[in-house]
Every structure is written in C-alpha cells, then in structure tokens.
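Trainee:
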Amino acid sequence: EAGVVQSPRYKIIEKKQPVAFWCNPISGHNTLYWYRQNLGQGPELLIRYENEEAVDDSQLPKDRFSAERLKGVDSTLKIQPAELGDSAVYLCASSPLVSGELFFGEGSRLTVL
Amino acid sequence: GDSVTQMEGPVTLSEEAFLTINCTYTATGYPSLFWYVQYPGEGLQLLLKATKADDKGSNKGFEATYRKETTSFHLEKGSVQVSDSAVYFCALNQNTDKLIFGTGTRLQVFP
Numbered sequence: 077e078a079g080v081v082q083s084p085r086y087k088i089i090e091k092k093q094p095v096a097f098w099c100n101p102i103s104g105h106n107t108l109y110w111y112r113q114n115l116g117q118g119p120e121l122l123i124r125y126e127n128e129e130a131v132d133d134s135q136l137p138k139d140r141f142s143a144e145r146l147k148g149v150d151s152t153l154k155i156q157p158a159e160l161g162d163s164a165v166y167l168c169a170s171s172p173l174v175s176g177e178l179f180f181g182e183g184s185r186l187t188v189l
Numbered sequence: 144g145d146s147v148t149q150m151e152g153p154v155t156l157s158e159e160a161f162l163t164i165n166c167t168y169t170a171t172g173y174p175s176l177f178w179y180v181q182y183p184g185e186g187l188q189l190l191l192k193a194t195k196a197d198d199k200g201s202n203k204g205f206e207a208t209y210r211k212e213t214t215s216f217h218l219e220k221g222s223v224q225v226s227d228s229a230v231y232f233c234a235l236n237q238n239t240d241k242l243i244f245g246t247g248t249r250l251q252v253f254p
C-alpha cells in the first residue's frame, strides 16, 4: 500500500515569494492534516480536513496561508507571501475516519532566505 | 489547554543499554496516548499507543504504560540497538482526531 506522498521534499525561496506544497493521502483515508514542524519542536496542527471540508483551521495563519482539498483527495497548502519565520518542515498526514492513528508523509522542508 | 512534556535530549546510550524516555501530559479528559518515531530521512510513524488507563502499548521491544495517577506515558526498552537511533515523540489525542505532540527526544545509540 502506498503511503502519504508529499512534494516537493525541499524548497528554498526568498522572502515575499509564494510557495505551494502538495499532498496525496493514503487511498480511502477521509481525514487529512497539515502540520508544521519547527526545528527542534514537535509538529503543530495547521488544518484538518474531513473529506473536502476544513473542520479545524484555527491554527492556520489565514492572512498568508491557504489550503484546499479538491474532491476530498489531494490537498495543497500555499503560503503567499512567505516570511523568514515560515522556514520549517510541513507535514501532511492522513487517517481512516476516527482511528486516532495518523500516517505521515516525509515532509516538505521550506527554507525562506 | 492540553499539552505534552518530554525529557530533553539527546539521550546517548551504548548498544544493549536500557532506555527510558519520560513523557507526562496535561489533559482535561481521558486522552489516548501515543509514541511516534522519526528515523533519519523518514516521516513520522506510529510506534505504539494506549487508549485507557493502565493499558500497555508495545512494539519492536518498546513498551509504555498509561499511568493516569501520574499522568505519564514513559517509553522503555530493555536493550537498545544502533538502529533505534531516531527522534521519539510523545503525543495525545483528546478524541478529536487532533494529535498534540511533545517537542521530541533524540536518541543516539553507539556500538
């Protein structure tokens, strides 16, 4: 069974530039998450989807971050414009409905110069 | 709000040594508790879990017991291997499908 796929693995941009991350969850997993992991810290939830509906986006900085999950499958997380403090690893995870276990992708490491 | 506190790393051990990584939590209800592991260059993966008090989760020689009286979920292994070198994250889920993670503890095992 294929795992959660994320791209790109690495991205280096200058501040004020836009960036987008893509995630393909495990087939059949209704719940999709985006987490941000700063260096030396644990992951923090940005947004959670149930199918195509965002059910928890309270930690998403909505002035510059946006996300979508088309047709309840793939998802895109966008930052525009990026700031120096956005440098982090962006993790996508999926889970079967109400299981408690999350399956993570390898993450997208963003460096903002 | 709910939170997880882990011991700071790195934890440095020789092969076959005994491992303990401390984890305590703060939660208003009765959360499920998890240990996730992140090997170098890989994504986070579930190591073990416990869903109620006194449950013991175990996998790959690792164990952790859900202790409600001390709000703890310490990770233990009797004999570590070099291949266990990774970052270990304690996490809780307050039945909302939202995992709250600790800051992670890096384990380094030397031959």
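Protein chains in written order, with the numbering used here: chain G, 77 to 189; chain Z, 144 to 254. Think of the CB as a built atom: it goes at the ideal place given N, C-alpha and C, for glycine as much as any other residue. In this text the structure is predicted, and so the values were computed from the model without any measurement.
Hey, is I119(G)'s beta-carbon within less than 7 Å of any beta-carbon in chain Z?
Mentor: Here residue 119(G) refers to the residue found at position 43 when the first sequence is read from its first residue. Here the sequence assigns Pro to residue 119(G), which means Ile is not the residue at that position. With 7 Å as the cut-off, P119(G) counts as an interface residue toward chain Z.
Trainee: Mind pulling the chain Z residues with CB within less than 8 Å of D133(G)?
Mentor: One-based indexing of the first sequence puts residue 133(G) at position 57. Near D133(G) there are no residues of chain Z at all, since even the closest Cβ is about 12 Å away, more than 8 Å.
Trainee: Would a check of beta-carbon distances place L218(Z) closer than 7 Å to chain G?
Mentor: The residue you call residue 218(Z) lines up with position 75 of the second sequence. Not an interface residue.
Trainee: Establish whether the CB of E177(G) and some CB of chain Z are separated by less than 7 Å.
Mentor: Against the first sequence, residue 177(G) aligns to sequence position 101. Yes - at least one Cβ of chain Z is within 7 Å of the one on E177(G).
Trainee: G181(G) CB to nearest chain Z CB: under 7 Å?
Mentor: Locating residue 181(G) in the first sequence gives position 105, counting from the first residue. Cβ-Cβ to chain Z under 7 Å: yes for G181(G).
Trainee: For my contact list, S163(G) and L186(G) are in at a C-beta cut-off of 8 Å; report their separation, rounded to the angstrom.
Mentor: For the purposes of this step, residue 163(G) is taken as residue 87 along the first sequence, with counting starting at 1. For the purposes of this step, residue 186(G) is taken as residue 110 along the first sequence, with counting starting at 1. Between L186(G) and S163(G) the Cβ distance is about 6 Å, and since that is below 8 Å, they are a contact.
Trainee: So which residues on chain G does G200(Z) lean against when the C-beta distance must stay under 8 Å?
Mentor: For the purposes of this step, residue 200(Z) is taken as residue 57 along the second sequence, with counting starting at 1. Correct list: empty, because the minimum Cβ distance to chain G is about 12 Å.
Trainee: I believe Q242(Z) touches S228(Z) by the beta-carbon criterion, under 8 Å. Please report the beta-carbon distance rounded to the nearest angstrom.
Mentor: Here residue 242(Z) refers to the residue found at position 99 of the second sequence. Here residue 228(Z) refers to the residue found at position 85 of the second sequence. In the sequence on display, residue 242(Z) carries Leu and not Gln. About 23 Å separates the two Cβ atoms, so there is no contact after all.
Trainee: What does a CB cutoff of less than 6 Å around P172(G) pick up in its chain, not counting 5 residues either side in sequence?
Mentor: For this step, residue 172(G) is matched to residue 96 along the first sequence. Here the set comprises H105.
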